[in-house]
Amino acid sequence: MKLEQMYESMGIGRDVLLFGREIESQLAERFAAIDETAEYNQMKVLQAMQDARVSDIHFAATTGYGYNDLGRDTLEEVFARTFHTESALVRPNLISGTHALHVALAGNLRPGDEILSPVGKPYDTLEEVIGIRESPGSLKEYGVTYRQVDLLADGSFDYPAIERALNERTRLVTIQRSKGYATRPTLSVARIGELIAFVKKLRPDVICMVDNCYGEFVERTEPSDVGADMIVGSLIKNPGGGLAPIGGYIAGCRDCVDQASWRLSAPGLGKEVGASLGLNQSFFQGFFLSPTVTAGALKGAIFAANAYERLGFSVVPNSTESRHDIIQSITFGTPEGVIAFCKGIQAAAPVDSYVTPEPWDMPGYDAPVIMAAGAFVQGSSIELSADGPIKPPYAVYFQGGLTWYHAKFGILKSLQTLLDAGLVSLA
Ligand SMILES: *Cc1c(COP(=O)(O)O)cnc(C)c1O
74 MKLEQMYESM GIGRDVLLFG REIESQLAER FAAIDETAEY NQMKVLQAMQ DARVSDIHFA
134 ATTGYGYNDL GRDTLEEVFA RTFHTESALV RPNLISGTHA LHVALAGNLR PGDEILSPVG
194 KPYDTLEEVI GIRESPGSLK EYGVTYRQVD LLADGSFDYP AIERALNERT RLVTIQRSKG
254 YATRPTLSVA RIGELIAFVK KLRPDVICMV DNCYGEFVER TEPSDVGADM IVGSLIKNPG
314 GGLAPIGGYI AGCRDCVDQA SWRLSAPGLG KEVGASLGLN QSFFQGFFLS PTVTAGALKG
374 AIFAANAYER LGFSVVPNST ESRHDIIQSI TFGTPEGVIA FCKGIQAAAP VDSYVTPEPW
434 DMPGYDAPVI MAAGAFVQGS SIELSADGPI KPPYAVYFQG GLTWYHAKFG ILKSLQTLLD
494 AGLVSLA
């Protein structure tokens, strides 16, 4: 069977396929650059694994307290070597990105300390962690205060305001790399480096922490290469490579990671405990695959930006912008557009492709939200997934794809769904 016939048997019409081909043909140079970054990062991870002398005994399961879990300790060494940090905490019992960020913050802050975010409001779930939105157990309840400096209208750092906001109580500066679901631009590693240099010049003792979610392996360097004391992320995003079934990481200076470890387990126990329960092989193997998985997701995001921009929709980042994370947003302007897009992504999934996503009133949101996720790992957003609140401007956020071919198919399927519903025209 020819490739076109294969696509046709999967519900993609000739016009959609040709349109996709035309878009893809213009992306050869960018895709080549992405492949080169993946190649570089593949070597980086491989070198770390070789230098840490990873061996099959590291895949063995431990139980109970998990004393002398060689696999866990070696995995943490691999993360530290790859990210060029003194230490790392990589654990299945860091249950999500939010949890890892909470442990990093709570472990390193004491009553009376202040957090500064010089890049505007942090990710939604951190509002409750910090206590920006009142929440039982927040850092605010433990006497940690919070200050924020917004980015300027053009997306640049407001250096004078940051200088004014830094005070004798400032203990930690938190910098979110990805825009998440905000409208500001995602920060490049180079820009993060400039910001950290500015902070450190004024206050060398302040801890600079970067929320690295969705950013890992998009560039050749990580924020830890440009002065971050701690980088934090989720293993069901980029660095789990789609194989990690759970987990988070905190990599950074020895003291910062130790402080976090006492919060994660208990003072006196720290990194020495925590059984890995047989998950180590998935963590090692997922991390090994992460550079190429991230590259596939990145190609999907760029392909979608180019396809939907051509059709007249506003896309962020736009078709030509440089990329620093794997998230893509597309503004459809109508509820029908958002719903059709998500239905297309769902129909393209390897798991639960036969279900139809519908908008629903999710707790914590002020409008119904529709989500498309047919993932091997629940909630995994390195796998192809999309969601959008049903409210103006009717935008969807989408990300992931374990392979470029699957990401591409998902986008073609979304286009086909919009076309069949009469919501776009390819001519
Ligand atoms: C996903 C994300 C988080 C939180 O991660 P969860 O695993 O969903 O808790 C935090 N910050 C950013 C920028 C993210 O993208």
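So for the sequence shown, the numbering used here puts the first residue at 74; every next one is plus one.
We put the CB at the ideal spot given by N, CA and C, even for glycine.
Exercise. How many angstroms separate the CA atom of Asn240 from the CA atom of Val299?
Worked result: Counting from 1 along the sequence shown, the entry for residue 240 is found at position 167. Counting from 1 along the sequence shown, the entry for residue 299 is found at position 226. Between the C-alpha atoms of Asn240 and Val299 there is a straight-line separation of about 23 Å.
Exercise. DSSP state of Phe449, grouped into three classes?
Worked result: The residue you call residue 449 lines up with position 376 of the sequence shown. Three-state DSSP puts Phe449 in coil, outside helix and strand.
Exercise. By the 10 Å Cβ neighbour count, where 16 or more other Cβ atoms means buried, how is Ser487 classified, buried or exposed?
Worked result: Here residue 487 corresponds to residue number 414 of the sequence shown, with the count starting at 1. So Ser487 ends up on the buried side.
Exercise. Is Ser134 helix, strand or coil by DSSP?
Worked result: Start at 1 with the first residue of the sequence shown, and residue 134 comes out as number 61. Residue identity differs from the one stated: residue 134 is Ala in this sequence, not Ser. Here Ala134 sits in coil by DSSP.
Exercise. So what's Ile309 in DSSP terms, helix, strand or just coil?
Worked result: For this step, residue 309 is matched to residue 236 along the sequence shown. DSSP places Ile309 in the coil class of the three-state scheme, outside both helix and strand.
Exercise. How should Lys274 be labelled, buried or exposed, when 16 other C-beta atoms within 10 angstroms of its C-beta is the threshold for buried?
Worked result: The residue labelled residue 274 in the question sits at position 201 within the sequence shown. Lys274 should be labelled exposed.
Problem set entry | Close beta carbons around Ser387, own chain, < 7 Å, minus the five adjacent residues each side | By 1-based counting over the sequence shown, the position of residue 387 is 314. Excluding positions up to five away in sequence, the list reads Thr404.
Exercise. Exposed or buried, what is Gly341 when buried is set at 16 or more other beta-carbons lying within 10 Å of its beta-carbon?
Worked result: Residue numbering aside, residue 341 sits at position 268 when the sequence shown is read from its first letter. Result: exposed.
For this session: Give the range of the alpha helix (DSSP H) segment to which Phe356 is assigned.
Result: The residue given as residue 356 occupies position 283 in the sequence shown. Looking at the DSSP string, the run of the alpha helix (DSSP H) that includes Phe356 is 353–383.
For this session: With a floor of 4 residues, list each alpha helix (DSSP H) that falls wholly inside the stretch 181–266, ordered by position along the chain.
Result: Complete alpha helix (DSSP H) runs here, min 4: 197–203, 232–238.
Exercise. Taking the beta strand (DSSP E) that Asp328 falls in, what are its first and last residues?
Worked result: Start at 1 with the first residue of the sequence shown, and residue 328 comes out as number 255. Asp328 -> not in any beta strand (DSSP E); alpha helix (DSSP H) instead, spanning 327–337.
Exercise. Which word fits Tyr467, buried or exposed, when buried means at least 16 other C-beta atoms lie within 10 angstroms of its C-beta?
Worked result: Counting from 1 along the sequence shown, the entry for residue 467 is found at position 394. Classification for Tyr467: buried.
For this session: Counting only the same chain and skipping the five closest in sequence on each side, list residues whose C-beta sits under 6 Å from that of Leu337.
Result: Within the sequence shown, residue 337 is the residue found at index 264, counting from 1. Shown here for Leu337: same chain residues with a beta carbon closer than 6 Å to its own, the five before and five after excluded, namely Val176 in chain order.
Problem set entry | Per-residue DSSP class, three states only, for Val411 | Sequence index remark: in the sequence shown, residue 411 carries index 338 (1-based). If DSSP states are grouped into helix, strand and coil, Val411 belongs with the helices.
For this session: Express the C-alpha separation of Asp88 and Leu492 in angstroms, rounding to a whole number.
Result: Taking the sequence shown and counting its residues from 1, one reaches residue 492 at position 419. Taking the sequence shown and counting its residues from 1, one reaches residue 88 at position 15. Distance between the alpha carbons of Leu492 and Asp88 is about 10 Å.
Exercise. Val118 lies in the alpha helix (DSSP H); which residues open and close that run?
Worked result: Your numbering for residue 118 matches position 45 in the sequence shown. Run containing Val118: 101–124, per the alpha helix (DSSP H) assignment.
Exercise. So, Asp142 versus Ala348, is the Cβ gap smaller than 8 Å?
Worked result: Against the sequence shown, residue 142 aligns to sequence position 69. Against the sequence shown, residue 348 aligns to sequence position 275. Yes. Within cutoff.
Exercise. Under the rule that 16 or more other beta-carbon atoms within 10 Å means buried, what is Ser190, buried or exposed?
Worked result: Walking along the sequence shown from the start, residue 190 turns up at place 117. In the assembly as shown, Ser190 is a buried residue. Its beta-carbon has 16 or more other beta-carbons within 10 Å.
For this session: Starting from Thr155, trace the alpha helix (DSSP H) both ways and give me its first and last residue.
Result: The sequence position of residue 155 within the sequence shown is 82, counting from 1. Under the DSSP assignment, Thr155 falls in the alpha helix (DSSP H) whose first and last residues are 143–156.
Exercise. When we look at the beta-carbon of Ile399 and count the other beta-carbons within 10 Å, is it buried (16 or more) or exposed?
Worked result: Counted from its first residue, the sequence shown places residue 399 at position 326. So Ile399 ends up on the buried side.
Exercise. Tyr470 lies in the alpha helix (DSSP H); which residues open and close that run?
Worked result: Along the sequence shown, one-based indexing puts residue 470 at 397. That residue, Tyr470, is in no alpha helix (DSSP H); its beta strand (DSSP E) goes 468–472.
For this session: Tell me whether Met83 sits in a helix, a strand or coil according to DSSP, three-state version.
Result: By one-based count along the sequence shown, residue 83 stands at place 10. Correct three-state label for Met83: coil.
Exercise. In or out: Asp434 buried (at least 16 other Cβ within 10 Å) or exposed?
Worked result: By one-based count along the sequence shown, residue 434 stands at place 361. In summary, Asp434 is exposed, with fewer than 16 beta-carbon neighbours lying within 10 Å of its beta-carbon over all protein chains present.
Exercise. Can you tell me the Cα-Cα spacing of Ile418 and Ala377, whole angstroms?
Worked result: Here residue 418 is taken as the residue at index 345 of the sequence shown, counted from 1. Here residue 377 is taken as the residue at index 304 of the sequence shown, counted from 1. Taking the straight line from one Cα to the other gives about 12 Å.
For this session: Mind checking which residues open and close the beta strand (DSSP E) that includes Asp460?
Result: Along the sequence shown, read from residue 1 onward, the residue named residue 460 stands at position 387. Per DSSP, the continuous beta strand (DSSP E) segment holding Asp460 begins and ends at 458–462.
Exercise. Which term fits Ala101, buried or exposed, when burial requires 16 or more other beta carbons within 10 angstroms of its beta carbon?
Worked result: Here residue 101 refers to the residue found at position 28 of the sequence shown. Counting other Cβ atoms within 10 Å of its Cβ, Ala101 stays below 16 and is therefore classed as exposed.
Problem set entry | Selection from Arg396, Asp460, Ala380, Asp439 that minimises the alpha carbon distance to Gln99 | Your numbering for residue 99 matches position 26 in the sequence shown. Ranking Arg396, Asp460, Ala380, Asp439 by Cα distance to Gln99 puts Ala380 first.
Exercise. Mind checking Tyr287: buried by the 16 CB within 10 Å criterion, or exposed?
Worked result: As a position in the sequence shown, residue 287 is number 214, starting the count at 1. By the neighbour-count rule (16 or more Cβ atoms within 10 Å), Tyr287 is buried.
Exercise. How about Val279 and Thr243: do their beta carbons lie closer than 8 Å?
Worked result: Taking the sequence shown and counting its residues from 1, one reaches residue 279 at position 206. Taking the sequence shown and counting its residues from 1, one reaches residue 243 at position 170. Contact flag set, yes.
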